[in-house]
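*Asks:* Okay, here's the structure, questions in a sec.
In the numbering used here, the protein residues as written are 221 to 354.
Dropping the structure here:
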């Protein structure tokens, strides 16, 4: 592949607990926007700081993500502030998040392009957790 054909490196962030088709669709669409997709996966410790409890431990969530053919690399997300350093360290061209975060990461536009993708309708981890508890 010639350098001018290269689409670039894409990064997204998330907990990806109770992996579902909405997650897969987000990751698939993100992967189509570049040549390489990096997923920064929230650690259990970081989720705890955010007031979240993962049903699946970090190492298992990482294994699941690594098994998806359009995910090229999984890195740990351990704090809110690492995004800029990740973008710089990995030479990221495009930051992708679901549109429920619209505007929250616009400050990253100084470092790379930022895209908010529409969420998959009628599915979310929160909805799944609620349905399990009913």
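Think of the CB as a built atom: it goes at the ideal place given N, C-alpha and C, for glycine as much as any other residue.
Within 10 Å of its beta-carbon, does residue 287 have 16 or more other beta-carbons around it, so buried, or fewer, so exposed?
*Replies:* The residue you call residue 287 lines up with position 67 of the chain shown. Label assigned to residue 287: exposed.
*Asks:* Count the C-beta pairs between the segment 264–276 and the segment 305–325 that are closer than 8 Å, then say yes if the count reaches three, no if not.
*Replies:* Output reads no: the segment 305–325 does not touch the segment 264–276.
*Asks:* Any idea which residues DSSP pairs residue 356 with across the strands?
*Replies:* With the chain covering only 221 through 354, there is no way to say anything about residue 356.
*Asks:* Could you spell out where the beta strand (DSSP E) holding residue 314 opens and where it closes?
*Replies:* What you label residue 314 is simply residue 94 of the chain shown in a count that begins at 1. Where residue 314 is concerned, the enclosing beta strand (DSSP E) stretches over 314–318.
*Asks:* Residue 292: which of 254, 328 and 323 sits nearest, CA to CA?
*Replies:* Walking along the chain shown from the start, residue 292 turns up at place 72. Comparing Cα-Cα distances from residue 292 to each of 254, 328 and 323, the minimum goes to 254.
*Asks:* In whole angstroms, what is the alpha-carbon distance linking residue 227 and residue 323?
*Replies:* Here the question's residue 227 lines up with position 7 in the chain shown. Here the question's residue 323 lines up with position 103 in the chain shown. Roughly 24 Å separates the two Cα atoms.
*Asks:* Within its chain, find whatever has a CB closer than 7 Å to the CB of residue 282; leave out the 5 residues flanking it on each side and keep chain order.
*Replies:* Residue mapping note: residue 282 aligns to position 62 of the chain shown, counting from 1. Excluding sequence neighbours, residue 282 sits near 261 and 294.
*Asks:* By the 10 Å Cβ neighbour count, where 16 or more other Cβ atoms means buried, how is residue 326 classified, buried or exposed?
*Replies:* Residue 326 sits at position 106 when you count from the first residue of the chain shown. Exposed, because fewer than 16 other Cβ atoms sit within 10 Å of the Cβ of residue 326.
*Asks:* Starting from residue 308, follow the beta strand (DSSP E) in both directions and report where the run begins and ends.
*Replies:* If you number the chain shown from 1, residue 308 lands on position 88. Counting along the chain, residue 308 falls outside any beta strand (DSSP E), though it belongs to the alpha helix (DSSP H) covering 303–310.
*Asks:* Can you say whether residue 235 is buried or exposed, counting buried as having 16 or more other CB atoms within 10 angstroms of its CB?
*Replies:* Mapped onto the chain shown, residue 235 falls at position 15. Answer is buried; the Cβ neighbour count reaches 16.
*Asks:* Check the DSSP bridge columns for residue 278 and list the partner residues they point to.
*Replies:* Stepping through the chain shown from its first residue, residue 278 is reached at position 58. Residue 278 pairs with nothing; no bridge assigned.
*Asks:* Taking the C-alpha atoms as reference points, what is the distance between residue 339 and residue 258?
*Replies:* Here the question's residue 339 lines up with position 119 in the chain shown. Here the question's residue 258 lines up with position 38 in the chain shown. Between residue 339 and residue 258, the C-alpha separation is close to 19 Å.
*Asks:* Which residues bound the beta strand (DSSP E) around residue 273?
*Replies:* Taking the first residue of the chain shown as 1, we reach residue 273 at position 53. Residue 273 -> no beta strand (DSSP E), and no H or E assigned at all.
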